[in-house]
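Chemist: In the UniProt record's numbering, the protein residues as written are 1 to 500.
Note that the Cβ used here is the ideal one computed from N, Cα and C, for glycine as well.
Just so we're clear, the structure is a prediction, and the values are computed from it rather than from any experiment.
#1: Secondary structure at residue 63, three-state DSSP: helix, strand or coil?
#2: In whole angstroms, what is the alpha-carbon distance linking residue 4 and residue 31?
#3: Under a Cβ-count criterion, where at least 16 other Cβ atoms within 10 Å of its own Cβ denotes burial, should residue 1 be classed as buried or exposed?
#4: Which term fits residue 284, buried or exposed, when burial requires 16 or more other beta carbons within 10 angstroms of its beta carbon?
#5: Return helix, strand or coil for residue 295, following the three-state DSSP convention.
#6: Give every residue of the same chain whose Cβ lies closer than 8 Å to the Cβ of residue 403, excluding the five residues on either side of it in the sequence, and list them in chain order.
#7: Residue 435 bridges to which residues according to DSSP?
#8: At what residue ranges does the region 126-200 contain a whole run of the beta strand (DSSP E), taking only runs of 3 or more?
#9: For residue 352, tell me which candidate among 400, 186 and 142 has the shortest Cα-Cα distance.
#10: Per DSSP, what kind of secondary structure is residue 415 in: helix, strand or coil?
#11: Let's see if you can read the secondary structure: which residues bound the alpha helix (DSSP H) around residue 497?
#12: Grab me the residues of residue 139's own chain with a C-beta within less than 6 Å of its C-beta, minus the 5 sequence neighbours each way, in chain order.
#13: For residue 116 and residue 135, what's the separation of their Cα atoms in angstroms?
#14: With a CB to CB cut of under 7 Å and the five nearest residues on each side skipped, what residues in its chain are close to residue 390?
#15: Three-state secondary structure (DSSP) at residue 116?
#16: Can you name, in chain order, every residue of its own chain whose Cβ lies under 7 Å from the Cβ of residue 464, other than the five neighbours on each side?
#17: Counting along the chain, where does the alpha helix (DSSP H) carrying residue 364 start and finish?
#18: Residue 343 bridges to which residues according to DSSP?
#19: Taking the Cβ atom as the reference point for each residue, do residue 270 and residue 419 lie within a distance shorter than 8 Å?
#20: Secondary structure at residue 288, three-state DSSP: helix, strand or coil?
#21: Which residues bound the beta strand (DSSP E) around residue 275?
#22: Of all the options 372, 384, 17 and 42, which has the alpha carbon lying nearest to the alpha carbon of residue 345?
#23: From residue 205 to residue 331, what distance separates their C-alpha atoms?
#24: Look up residue 244 in the DSSP assignment and say whether it is helix, strand or coil.
#25: Among residues of its own chain, excluding the 5 on either side of residue 129, which ones have a beta-carbon nearer than 8 Å to its beta-carbon?
#26: Select from 312, 26, 395 and 460 the residue whose C-alpha is nearest the C-alpha of residue 492.
#27: Taking only the alpha-carbon atoms, compute the straight-line gap between residue 232 and residue 19 and give it to the nearest angstrom.
#28: Per DSSP, residue 46 forms a beta bridge with which residues?
#29: So what does residue 311 bridge to, in DSSP terms?
Here it is, written out as structure tokens:
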């Protein structure tokens, strides 16, 4: 462990953040201290799911988690060769998991949350266990991707029967680095297996769902030291004593740490493949109205609650681009966005949360069908479709933010868009107009920054005490852009009525 960077009592922590998204991963080298928060991307790699045919219509969509671990180690080798590290932290998407046998061996590559094995299982679970009971305990919105639903779908499989431990994706990767098993609480809260008020596993619900409670590992909080890099990984990373620290391992939890705000009256959109739209609260809001509106209470860093709802997000645009490329019609995104900005406004609007948009496939065809069913013009050009997607997302953000405020009693003065979507100028401008409040876009690397900040605090870094101090450091050091509403909210009102 490094103690470098200490001058006159000040400590600058040098840490490596592993940030895994649904389509790519990065290793970010960061320096954090008094007045300093800098990052260098040392590695980027694809995260491409693999579909495996098993015959008789039993194809499965898997994550290539072994390939991810290989790429992570390669990136960490670069980081550790570039600087003496204080620690490593890993964040990723939520809900998916790996199963280990009694010897700690992985029982197959984890199954992707977009796999069809959970089709119809959500309704079965609600009917069997009771939607009110599940929500009152976990505070989590009902989605077919939730870990609870996945485990019920897998209940009679050979892998689950043989398993002795379940680890969520970032915890699995930390286990391979350190040999220590556990479940970081911000990610565990997304599983729909955690008691959101007690911040512990909901054992009664776990048993009622027919899940072996011995599968679930001990919980850990952000900032806890998991262990030292061990085994072959230690040799690959220089052989020194290098701690792995639990961060907000759900990528949204880390991203919200890095919202550059000085006020509590803010909303956020963590914008990437998914868009997580909501508020930061001091305690969960587990109400019947919240359940009906399908809002979720995910645990955050320092005892906070992320009160939000998932919106399908830029997945619609990503899948459209992939579909066009596969059909021999590749399109460059910046040019498409420029053309979409000039396209006719509000020509077509869809609900991004329509279940038909969840699975991989021909997204333009699905959007066209949704437009036909609502009596709207079908997008005829790529620019028209992009305009449709972005205006639809802005409307969904508005609807979700307004509901979050009404259900929680919290008012907001500003909406922060963080993550990759903050670079999408057209989306940010449309969102400001739709919501009628200023939008602050950035930082793009919010997730990695939040990951690094929690690590730096664990290492005793200067200027990174509580969330307020962390966010002040982000605001002072990171580039953001503000979009003021142009007064077009009434146009969005009219567009929204098409979907009522």
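Modeler: Inspection of the coordinates gives the following:
#1: coil
#2: Low confidence applies here, because residue 4 scores a pLDDT of 42, under 50, leaving its location unreliable; read the following figure in that light. Roughly 11 Å between the two C-alpha positions.
#3: Unreliable positioning characterises residue 1 in this predicted model, as indicated by a pLDDT of 39, which lies under 50. The coordinate reading is nonetheless provided below. Per the 10 Å Cβ criterion, exposed.
#4: buried
#5: coil
#6: 293, 295 and 309
#7: Its beta-bridge partners do not exist; DSSP assigns none.
#8: 165-168
#9: 400
#10: strand
#11: 489-497
#12: 196, 284, 286 and 297
#13: 24 Å
#14: 340, 426, 427 and 430
#15: helix
#16: 32, 453, 456, 457, 470 and 473
#17: 363-373
#18: Partner(s): none; residue 343 has no beta bridge.
#19: yes
#20: helix
#21: 275-281
#22: 384
#23: 48 Å
#24: strand
#25: 205, 208 and 209
#26: 395
#27: 22 Å
#28: 24
#29: 275
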